[in-house]
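In what follows, a single structure is set out as structure tokens and then discussed.
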Amino acid sequence: MQPEQFYQRLLAWFDDYGRHDLPWQQDINPYRVWISEIMLQQTQVTTVIPYYQKFMQSFPTVQDLAAATQEQVLAHWAGLGYYARGRNLHKAAQLIVEQYDGEFPDTLDEVVALPGIGRSTAGAILSIACGKRHPILDGNVKRVLGRFYALEKWPGEKAAENWLWERAAQLTPPQRYADYTQAIMDLGATFCTRSKPQCADCPISAGCQAFAQDRVADFPFKKPKKDKPVRQAYLLILQQADGSLWLEERPQKGIWGGLWSFPQLETWQACEDKVQSRFSPSVSLLKWQEFRHTFSHYHLDITPVFSQQSQLIAEPSANYAADENESGRWVSMQDLLDEKLGIPAPVQKLVKQLQDY
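Those letters in the sequence shown? Residues 1 to 357, by the UniProt record's numbering.
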């Protein structure tokens with residue numbers, strides 16, 4: 001199948017069957033497309049929609065996002081995962097306001113230079129919102145092209161990725177860039193899915209080498225497996241008589257950067273020491289059921305340790321500054337349930353457990 005046949009069939013399919021009513025497809029501008037593209041990285045459309053709508057309601061313009069605090073931004077990101085995306089959005093918004101007078105840059109080099117934006121995301125923003133011809137190569141497109149060409153390599157391998165970029169550029173049409181970009185992403189998300197692809201109804205199956213070889217399930221080649229290491233941690237849950245909980249702000253770098261979490265400690269003894277030295281000289285600790293939280297590179301086995309105080313505790317010190325790298329505060333249960341603070345998924349899970357405790 002020639003490139004012309006590929007994009008003509010894909011565009012015809014998109015006109016009739018593509019998704020045209022997603023929130024970020026309305027009132028299109030670079031800012032709205034940028035937010036959606038970042039949220040959609042490694043996250044399903046159905047998950048993103050409510051987050052996107054709430055985010056845009058709170059930060060309708062890049063100026064609004066730049067003027068917000070990181071804490072406010074991450075509170076809107078809590079639950080989406082990959083929190084560096086939220087931190088980078090905030091940093092990039094501030095740069096756009098400072099360096100471009102609030103106007104989203106319109107060249108590939110300028111967009112890629114912004115925090116958290118790679119070549120494919122930049123191409124998607126510029127093609128969809130600015131009408132510029134740029135190929136994209138996100139996870140969906142890698143899967144479509146990996147199957148279409150029956151690529152016998154893992155697409156994340158550098159040489160394979162470069163080869164796919166060349167194919168992506170060849171297949172991008174000389175016009176209708178925005179429609180084509182959305183069409184090929186749609187095809188990967190709705191027809192050429194990871195499991196149970198709808199090959200019989202696919203508009204480009206006639207030229208698909210994986211389909212012709214009856215090997216669709218073999219592509220794209222998977223990343224060579226490595227066993228994920230397992231780490232352990234204790235999360236110390238301190239609750240006052242009024243129901244408020246002690247949370248500490250995470251360092252900017254590392255997991256859950258910039259979010260608020262129950263204190264994370266390495267041992268049971270460390271939990272006892274922290275409570276006795278900084279909160280109450282005599283307090284009982286209760287170990288809850290351990291559970292596992294999985295990151296992209298390792299598993300974290302979390303043991304919650306709970307202590308409910310019988311009376312209100314004064315602040316351990318001004319802002320509880322055990323050292324210059326720590327900060328913490330008492331937060332009401334209602335504020336956490338109302339998502340007024342950015343907290344990681346395991347903490348959200350524990351807060352919900354506390355409701356029924």
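Idealized CB from N, CA, C, for every residue including glycine.
Please report how far the alpha carbon of residue i lies from the alpha carbon of residue j, in whole angstroms.
i                 : j              : result
residue 388       : tryptophan 165 : Any answer about residue 388 is impossible in this case: the structure gives the chain only from 1 up to 357.
arginine 278      : proline 263    : 12 Å
valine 141        : arginine 87    : 26 Å
aspartate 27      : serine 127     : 15 Å
asparagine 319    : glutamate 248  : Unreliable positioning characterises asparagine 319 in this predicted model, as indicated by a pLDDT of 37, which lies under 50. A coordinate reading is not provided.
proline 316       : lysine 274     : Reliability of the predicted coordinates at proline 316 is poor, the pLDDT of 48 falling under 50, and no value is obtained from them.
alanine 206       : alanine 200    : 10 Å
tyrosine 177      : arginine 133   : 6 Å
asparagine 325    : proline 251    : Note that asparagine 325 has pLDDT 45, beneath the 50 cutoff, so the model's placement of it is unreliable and no number is given.
aspartate 101     : isoleucine 35  : 18 Å
glycine 146       : proline 155    : 7 Å
glutamine 170     : tryptophan 163 : 11 Å
phenylalanine 63  : isoleucine 125 : Inspection of the sequence shows that residue 63 is occupied by glutamine rather than by phenylalanine. Between glutamine 63 and isoleucine 125, the C-alpha separation is close to 18 Å.
glutamate 266     : glutamine 240  : 23 Å
phenylalanine 219 : glutamine 269  : 49 Å
phenylalanine 191 : lysine 222     : 19 Å
tyrosine 51       : glycine 188    : 22 Å
alanine 66        : leucine 89     : 9 Å
glutamine 276     : leucine 245    : 17 Å
tryptophan 13     : alanine 233    : 50 Å
isoleucine 343    : aspartate 109  : 34 Å
proline 30        : cysteine 130   : 7 Å
serine 261        : glutamine 57   : 26 Å
valine 73         : threonine 172  : 35 Å
aspartate 335     : isoleucine 96  : 31 Å
glutamine 2       : threonine 61   : 41 Å
methionine 39     : valine 283     : 42 Å
lysine 91         : arginine 9     : 40 Å
lysine 228        : histidine 299  : 7 Å
glycine 118       : tyrosine 7     : 24 Å
valine 331        : alanine 113    : 37 Å
So what's residue i in DSSP terms, helix, strand or just coil?
i              : result
alanine 150    : coil
proline 316    : Legend: pLDDT at proline 316 = 48, less than 50; position of this residue unreliable, value from coordinates given subsequently. Coil at proline 316, not helix or strand.
lysine 158     : helix
glutamine 175  : coil
glutamine 308  : strand
glycine 258    : coil
glutamate 249  : strand
glutamine 132  : It should be pointed out that residue 132 corresponds to lysine in this sequence rather than to glutamine. Three-state result, lysine 132: coil.
arginine 167   : helix
valine 331     : strand
glutamate 96   : It is worth fixing the name first, because residue 96 is isoleucine in this sequence and not glutamate. Reduced to three states, the DSSP call for isoleucine 96 is helix.
isoleucine 237 : strand
lysine 54      : helix
serine 195     : coil
proline 220    : coil
proline 23     : helix
glutamine 44   : coil
leucine 89     : helix
threonine 181  : helix
proline 30     : helix
serine 244     : coil
aspartate 138  : coil
lysine 340     : coil
Under the DSSP definition of a beta bridge, which residues are partnered with residue i?
i             : result
leucine 300   : Arg231, His293
serine 36     : Paired residues: none, contrary to the question.
glutamine 264 : Leu235
lysine 225    : Answer is none; lysine 225 lacks a bridge partner.
leucine 286   : Phe306
Buried or exposed for residue i, please, with buried defined as at least 16 other CB atoms from any protein chain shown within 10 angstroms of its CB.
i             : result
aspartate 21  : exposed
threonine 107 : exposed
valine 230    : exposed
threonine 121 : buried
glutamate 37  : buried
residue 410   : Shown here, the chain extends from 1 to 357; a query on residue 410 therefore has no answer.
serine 195    : exposed
alanine 78    : buried
alanine 93    : buried
aspartate 186 : buried
leucine 286   : exposed
histidine 76  : buried
glycine 123   : buried
glycine 258   : buried
histidine 217 : Per the sequence shown, the amino acid found at residue 217 is alanine instead of histidine. That one is exposed.
leucine 151   : buried
glutamine 5   : exposed
For the beta strand (DSSP E) holding residue i, just list the boundary residues, first then last.
i             : result
glutamate 110 : Taken as a continuous stretch (DSSP letters only), glutamate 110 belongs to no beta strand (DSSP E), being part of the alpha helix (DSSP H) at 108-112.
Is residue i close to the ligand ZN? I mean its beta-carbon at under 7 Å from any heavy atom of the ligand.
i             : result
threonine 294 : As presented, the structure is devoid of all ligands, the ligand ZN included, so that no description of it is given.
Ends of the alpha helix (DSSP H) at residue i?
i             : result
valine 73     : 70-77
tyrosine 17   : 3-17
residue 412   : Since the first residue of the chain shown is 1 and the last is 357, residue 412 is not available in this structure.
glutamine 213 : Per DSSP, glutamine 213 belongs to no alpha helix (DSSP H) and is neither H nor E.
aspartate 64  : 62-67
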